[in-house]
Each structure stands twice: as structure tokens, then as C-alpha cells.
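In the working numbering, the protein residues as written are 4 to 293. No residue lacks a Cβ here, since even glycine has one placed at the ideal position from N, Cα and C.
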């Protein structure tokens with residue numbers, strides 16, 4: 004079904020319970036946008052009271068809400084939940100969904116599709132479900148999307164950028180403050196990466212058992228202590244390869260690798276090419292020869 008036909012199908016005249024509205028604003032994307040961009044198709048802002056409710060399934064689009072005040076009640080994927088002020092809710096409209104109000108509520112919404120929307124929706128649902136509670140930055144981006152959509156000539160590239168930004172904020176991990184033992188371990192790695200150190204050495208500096216330390220370290224940094232050490236050594240090696248004329252063997256040893264072969268093997272595993280190839284890429288003369 005074409006987007007214009009879907010728009011007509013879901014626009015319900017005289018919806019009961021809407022006491023105030025801004026929009027609905029419709030936009031028909033170009034062929035380029037349909038094929039390559041995120042597409043915001045229509046949206047608006049409602050203030051509703053009972054008996055406002057929507058029950059729907061089988062729509063080949065996605066739906067985003069931002070609650071401005073009050074509460075909106077949902078049934079989706081076999082679960083019931085309540086969205087409150089500041090919350091973002093994302094629904095895959097191909098799946099049966101129902102939302103309604105019990106008291107006054109104000110919310111913004113828009114339907115979208117395109118690009119990797121489906122993959123993002125799957126990722127986000129696995130991560131957090133359909134409701135996102137007070138994610139910093141989402142309110143401003145959501146408002147910008149509706150402002151762009153409501154203009155006389157919405158810019159589809161800006162709409163795509165803003166929607167991608169919103170999905171990216173929702174997908175990104177919240178900053179985690181490190182425990183003092185993890186922060187101390189990170190500092191120890193960064194100060195001693197060129198030496199022969201082990202996870203046991205790092206855990207000992209943190210005054211924790213290896214198992215307990217490794218679990219906390221992974222939770223707060225996203226990687227194991229060993230992988231963090233390797234990644235930091237490779238990072239330093241890349242700097243030396245780019246900024247000095249030291250031999251590959253010398254760089255490997257300076258960055259804590261036990262042998263040139265170990266360094267080259269690990270570098271290639273991390274970067275998908277050898278240290279020598281990496282140096283050629285950043286060497287103006289070498290680049291011309293590639």
C-alpha cells in the first residue's frame with residue numbers, strides 16, 4: 004500500500020476525546036527519501052480526555068510518542084504499561100496495539116518508516132521494551148522533528164537526520180560513573196600498558212579477586228580487563244605508527260607486546276590489516292604507491 008493511501012486510512016475523522024490539537028502535519032517523501040532515508044510521514048500534538056482510545060493492527064509503519072503531561076496507557080506485545088511526562092514510546096504498528104486515556108493527557112506523535120527503522124525498532128525493543136523513561140536530549144529532538152514537519156516545506160534530509168539522532172540517543176548506553184576500584188584499574192592500565200602486566204596484577208591493584216574485579220570492570224567499561232588492555236596498546240601503537248618512523252618491531256615492544264609476531268597478529272585481528280599496511284595508508288608517498 005502506498006504511503007498516501009495509508010495516511011488516508013489511519014486519519015480518523017471526529018476522533019472522540021481530542022480537546023485540542025496541533026496538526027496533523029502530513030509529508031510525502033521523494034523517491035530518493037523512500038529508498039535511502041528515514042522518513043517522517045505525519046505527526047502532531049494532541050490534548051485528550053476520555054473516551055480517547057486507539058486500537059489498531061496491521062499498519063506497515065512505526066509510531067513514536069512523547070508524553071508532555073498526564074499519562075497514556077498502552078497494551079502492546081502482550082504487556083500493559085503507562086507512559087508519563089517525559090517518556091518516549093515506540094510501537095511497531097504491524098503488531099496489535101491499543102492506547103487510551105483515563106484523565107487529561109497531552110502528547111506529541113509521529114509515524115515513520117524507511118532506512119533501517121525496522122532494525123532499530125528490534126534493537127531498541129530488545130534493549131528497553133517500548134517505553135523509554137526520561138532519556139536526556141530526546142525531548143528537544145522530538146520537538147525539532149515536529150517543528151520541521153509542520154513547516155511549509157519540510158526538508159526530508161533534516162527530518163531523516165533528526166529521526167536518526169532520536170533513535171541513536173535511545174540506543175546509546177547511559178554514561179556510567181566508575182567505581183573507584185575500576186577507575187584506579189583503568190589508570191593503572193594506561194600508566195603500565197608497555198609493561199608485562201596481567202589481569203591478576205590489575206585486580207590486585209584494585210584489591211579485588213580476579214573474578215569479582217573482571218565482572219565489575221566489564222559492567223562499567225563494556226569490555227574485559229584483558230580486552231581493554233589490548234585495545235589501549237593498539238591505540239598507542241597506532242599513534243606511534245602514524246607519528247614516528249620507529250620500526251614496527253620497536254613499536255610492538257614499546258607497547259607491551261611480547262614479540263613482533265604477537266604484535267602483528269593482534270593488530271591485524273583488531274584492525275583488519277597489518278601495522279605495515281596501516282603505516283602505508285597514512286604515508287603520503289606510500290599512499291601513492293597503493
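Shown here, residue 109 sits in a strand according to DSSP, grouped into three states.
In this structure, residue 29 lies away from residue 124, with their beta-carbon atoms at least 8 Å apart. Nearest neighbour of residue 46 by Cα position, chosen from 273, 181, 116, 246, turns out to be 116. Taking the C-beta atoms as reference points, residue 103 is found no nearer than 8 Å to residue 79. The region 239-256 and the region 218-230 do not touch, with fewer than 3 CB-CB distances between them shorter than 8 Å. For residue 234, no beta strand (DSSP E) encloses it; the enclosing alpha helix (DSSP H) starts and ends at 228-246. In the structure shown, residue 271 adopts helical secondary structure according to DSSP, grouped into three states. For the 8 Å CB-CB criterion, residue 70 and residue 88 form a contact.
Listed in chain order, the non-local C-beta contacts of residue 57 below 6 Å within the same chain comprise 102, local neighbours out to five positions each way being set aside.
Secondary structure remark: continuous beta strand (DSSP E) runs of at least 3 residues inside the region 57-93, in chain order: 65-79, 82-87.
Within the DSSP bridge table, the entry for residue 134 names 92 as partners. Straight through space, the alpha carbons of residue 126 and residue 201 are spaced by roughly 35 Å. With fewer than 16 other Cβ atoms inside 10 Å of its own Cβ, residue 155 counts as exposed.
Beta bridge pairing from DSSP links residue 102 with 57, 77. Under the criterion of beta carbons closer than 8 Å, residue 84 and residue 134 qualify as touching, at roughly 5 Å. A straight-line Cα-Cα distance of about 44 Å links residue 121 and residue 254.
The alpha-carbon of residue 182 is positioned some 17 Å away from that of residue 176.
When only Cα atoms are considered, residue 41 and residue 168 end up about 11 Å apart. Taking C-alpha positions only, residue 236 is separated from residue 197 by approximately 7 Å. A Cβ-Cβ distance of about 7 Å is found for the pair residue 36 and residue 163, placing them in contact under the 8 Å criterion.
Ranked by Cα distance from residue 98, the first of 60, 129, 112, 25 is 60.
Bounds of any beta strand (DSSP E) do not take in residue 251; it lies within the alpha helix (DSSP H) bounded by 251-257.
In the DSSP assignment, residue 48 forms a beta bridge with 25, 111. Per the C-alpha coordinates, the member of 82, 62, 81, 52 positioned closest to residue 74 is 52. Beta-bridge partners of residue 140 (DSSP): none assigned. Residue 117 sits in a strand when the DSSP states are folded into three classes. Shown here for residue 86: same chain residues with a beta carbon closer than 6 Å to its own, the five before and five after excluded, namely 70, 75, 92, 134 in chain order. Taking 8 Å as the cut-off, the Cβ atoms of residue 32 and residue 159 count as close. Secondary structure of residue 41 (DSSP, three-state): strand.
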